[in-house]
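J.: Numbering (the UniProt record's numbering), first residue to last: 1 to 395.
#1: Skipping 5 residues on each side, what residues in its chain have a beta carbon closer than 6 Å to that of residue 116?
#2: For residue 205, which residues in the same chain have their Cβ closer than 7 Å to its Cβ, ignoring the five residues on either side in sequence?
#3: Can you have a look at residue 300 and say buried or exposed, based on whether 16 or more other CB atoms are within 10 angstroms of its CB?
#4: Between 188, 234, 198 and 311, which has its C-alpha nearest residue 218's C-alpha?
#5: Using a threshold of 7 Å, state whether the C-beta atoms of residue 320 and residue 236 are closer than that.
#6: Using a Cβ-Cβ cutoff of less than 7 Å, which residues in the same chain neighbour residue 284 once the five nearest sequence positions on both sides are dropped?
#7: Between the C-alpha atoms of residue 171 and residue 323, what's the straight-line distance to the nearest angstrom?
#8: Residue 394 bridges to which residues according to DSSP?
#9: Tell me the DSSP secondary structure of residue 174 in three-state form.
#10: Tell me which residue opens and which closes the alpha helix (DSSP H) that residue 371 is part of.
#11: Taking its Cβ as the centre, do 16 or more other Cβ atoms sit within 10 Å of residue 310, making it buried, or is it exposed?
#12: Can you tell me whether residue 292 is buried or exposed? The criterion is at least 16 other CB atoms within 10 Å of its CB, across all chains shown.
#13: Who are the Cβ neighbours of residue 380 in its own chain at under 8 Å, not counting the five residues just before and after it?
#14: Identify every run of the beta strand (DSSP E) within the UniProt domain "FecR protein" (189–285), keeping only runs that are complete inside it and at least 3 residues long; order them along the chain.
#15: Considering Cα atoms alone, identify which of 22, 289, 6 and 11 is closest to residue 40.
#16: Would you kindly work out how many angstroms separate the C-alpha atoms of residue 226 and residue 165, rounded to a whole number?
#17: Does the Cβ-Cβ distance between residue 201 and residue 215 come in under 7 Å?
#18: Would you say residue 383 reaches chain E, if we count a Cβ-Cβ gap shorter than 7 Å as a contact?
#19: Is residue 330 near residue 135, with beta carbons less than 7 Å apart?
#20: Pop quiz: residue 221 and residue 203 are said to be a contact at Cβ under 8 Å. What is the actual Cβ separation, rounded to whole angstroms?
#21: Enumerate in chain order the residues of its own chain whose CB-to-CB distance from residue 351 is below 7 Å, with the five nearest sequence positions on each side excluded.
#22: Any chance you could list the beta strand (DSSP E) runs of at least 3 consecutive residues sitting entirely within the stretch 286–332, in chain order?
#23: Which whole-angstrom value is the C-beta distance of residue 399 and residue 268, which I expect to be below 8 Å?
#24: Here's a check: name, in chain order, each residue in its chain whose Cβ is nearer than 8 Å to the Cβ of residue 312, leaving out the five neighbours to either side.
#25: Which residue from 348, 365, 160 and 4 puts its Cα closest to that of residue 387?
#26: Can you give me the Cβ contacts of residue 213 inside the same chain, cut-off strictly under 6 Å, excluding the 5 residues immediately before and after it?
#27: Cα separation between residue 176 and residue 142?
#28: With a CB to CB cut of under 7 Å and the five nearest residues on each side skipped, what residues in its chain are close to residue 3?
#29: Got a sec? Which residues, its chain only, sit under 6 Å from residue 207 by beta carbon, not counting five neighbours each side?
#30: Mind checking which residues open and close the beta strand (DSSP E) that includes residue 2?
#31: Is it buried or exposed for residue 288, if we count other Cβ within 10 angstroms and need 16 for buried?
#32: Kindly indicate which three-state DSSP category residue 418 falls into: helix, strand or coil?
#33: Looking at residue 275 and residue 254, is the spacing between their C-beta atoms short of 7 Å?
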């Protein structure tokens, strides 16, 4: 199993969303002696314990107490035919540490109900705490030319990656930096899942910040007459100047952005009503099906459907607030804000009824828990609840 697949299954495990075949797949991977997975296991489990009022690794007494509770639950569930718990019950003693994680996190997937019995006085608090949704963080998936993948969350600062084609890249302070010397041209892709963001420095020195749910495909060496990258989602770019080799961004909807030396933001999420290109410095030209608009700093080009390119003046600090670790909700409508929140907290947005119309005001840090951010919407009388990975909104 790849680290990417293991991380995906572990995330579903914590949310109680594993299917029976996925349960079996995860636990078989957990028991494997794979060196490739060992670092990922350590990181994921450590992160889970970071948000709980218990130590990691758990103390011997904690393991023993929870082990006894697992036995009680397993025996009770075997009597009532609960196959999920029976499956865990059959695991060897040395794998109870994994069951400990499930219990401490209050995961429903194995049928362990911490509040039932409540032998541990703190168990209710633990379960309540895990209903909270934690903010996103640095991390991404790097796909190399040979289609192998690297979970960048697990790569330590200073590590050097050998790339197919002879190139190299190193990790520096959460930034993947490419060395362009003497390599064949191959293509890499960095993708940020929901709840992650990342920064990459391309071989020409261009820096790209990716927001959550975004990706960039680029060559490991720029050659020819122009530099071309392909972006989905949202990204902020500081393009290295090179008048002899213009820089171009291709987007999914047949929109292209022609750049010289400049700083700009592009928002091209599928779920947003328009593709927005915002210029901070320099000059760009936005092209769409025969139309072309050149932007000045402080302007934004909006492209939607078959309409003409619309150019408006905007607050550029608000546009790039995400890059600077902020939510800036000033003058945004409720649904736009909810989409932004859902992407950062790795949630699917579901409406039970249409939220009240209105605009929101306020700025806040993106490192807050979800409940703190949602308080911003309290004046609009919007109610929500979390079910698994769903953010369900009602009036």
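All C-beta atoms in this analysis are idealised placements derived from N, C-alpha and C, irrespective of residue type, glycine included.
What you are looking at is a predicted structure, and each value in this text was computed from that prediction instead of being measured.
T.: Answer, in terms of the structure:
#1: Looking up residue 116 in the chain shown gives position 116. Reliability of the predicted coordinates at residue 116 is poor, the pLDDT of 30 falling under 50, and no value is obtained from them.
#2: Walking along the chain shown from the start, residue 205 turns up at place 205. Result list for residue 205: 240, in chain order.
#3: As a position in the chain shown, residue 300 is number 300, starting the count at 1. So residue 300 ends up on the buried side.
#4: Looking up residue 218 in the chain shown gives position 218. Checking every option, the nearest Cα to that of residue 218 belongs to 188.
#5: Position 320 of the chain shown holds residue 320. Position 236 of the chain shown holds residue 236. Yes, the pair counts as a contact, with Cβ atoms nearer than the cut-off.
#6: Along the chain shown, one-based indexing puts residue 284 at 284. The answer, listed in chain order, is 257, 258, 259, 262, 264, 277 and 295.
#7: Stepping through the chain shown from its first residue, residue 171 is reached at position 171. Stepping through the chain shown from its first residue, residue 323 is reached at position 323. If you take the alpha carbons of residue 171 and residue 323, they lie about 19 Å apart.
#8: In the chain shown, counting from the first residue as 1, residue 394 sits at position 394. Looking at the DSSP assignment, residue 394 forms a beta bridge with 383.
#9: Reading the chain shown from its first residue, position 174 is the one you call residue 174. It is coil, neither helix nor strand.
#10: To locate residue 371, count along the chain shown from 1; it is residue 371. Here the alpha helix (DSSP H) through residue 371 covers 370–374.
#11: Along the chain shown, read from residue 1 onward, the residue named residue 310 stands at position 310. Residue 310 counts as exposed, since fewer than 16 other beta carbons sit within 10 angstroms of its beta carbon.
#12: Here the question's residue 292 lines up with position 292 in the chain shown. Counting the other CB atoms within 10 Å of its CB gives residue 292 a total below 16, which places it among the exposed residues.
#13: In the chain shown, residue 380 corresponds to position 380, counting from 1. Only residues of its own chain outside the window of five on either side were considered, and among them 334, 355, 356, 358 and 360 have a CB closer than 8 Å to the CB of residue 380, listed in chain order.
#14: Counting only unbroken stretches of 3 or more residues, the beta strand (DSSP E) elements lying wholly within the UniProt domain "FecR protein" (189–285) are 196–201, 207–210, 214–219, 227–238, 247–250, 255–259, 263–268 and 275–281, in sequence order.
#15: Within the chain shown, the letter at position 40 stands for residue 40. When only C-alpha atoms are compared, the closest one is 6.
#16: Position 226 of the chain shown, counting from 1, holds the residue named residue 226. Position 165 of the chain shown, counting from 1, holds the residue named residue 165. Cα to Cα, the separation comes out at about 21 Å.
#17: By one-based count along the chain shown, residue 201 stands at place 201. By one-based count along the chain shown, residue 215 stands at place 215. No.
#18: The structure shown has no chain E; it contains just one protein chain.
#19: On the chain shown, residue 330 is found 330 positions in, with the first residue counted as 1. On the chain shown, residue 135 is found 135 positions in, with the first residue counted as 1. Contact flag unset, no.
#20: The residue labelled residue 221 in the question sits at position 221 within the chain shown. The residue labelled residue 203 in the question sits at position 203 within the chain shown. At roughly 6 Å, the Cβ-Cβ gap stays under 8 Å, so residue 221 and residue 203 are in contact.
#21: Residue mapping note: residue 351 aligns to position 351 of the chain shown, counting from 1. Around residue 351: 393.
#22: Whole beta strand (DSSP E) segments, 3+ residues: 291–295, 299–303, 310–313 and 326–328.
#23: In the structure displayed, the chain extends from 1 to 395; residue 399 sits before or after that span and is not available.
#24: For the purposes of this step, residue 312 is identified with residue 312 of the chain shown, where counting begins at 1. Non-local beta-carbon contacts of residue 312 in its own chain, meaning distances under 8 Å to residues more than five positions away in sequence, involve 299, 300 and 302 in chain order.
#25: Against the chain shown, residue 387 aligns to sequence position 387. Comparing Cα positions, the closest option is 348.
#26: Locating residue 213 in the chain shown gives position 213, where the first residue counts as 1. For residue 213, where only same-chain residues beyond five positions count, the Cβ hits under 6 Å are 194, 233 and 343.
#27: The residue labelled residue 176 in the question sits at position 176 within the chain shown. The residue labelled residue 142 in the question sits at position 142 within the chain shown. C-alpha separation (whole angstroms): 10 Å.
#28: What you label residue 3 is simply residue 3 of the chain shown in a count that begins at 1. Cβ-Cβ distances below 7 Å link residue 3 to 36, 37, 40, 151 and 154 in the same chain, with the five nearest sequence neighbours on each side left out; the list follows chain order.
#29: Translated into positions along the chain shown, residue 207 becomes position 207. Correct list, in chain order: 201 and 238.
#30: For the purposes of this step, residue 2 is taken as residue 2 along the chain shown, with counting starting at 1. Element bounds for residue 2: n/a, residue is neither H nor E.
#31: Within the chain shown, numbered from 1, the residue matching residue 288 stands at position 288. Under this definition residue 288 is a buried residue.
#32: Any answer about residue 418 is impossible in this case: the structure gives the chain only from 1 up to 395.
#33: Along the chain shown, read from residue 1 onward, the residue named residue 254 stands at position 254. Along the chain shown, read from residue 1 onward, the residue named residue 275 stands at position 275. No.
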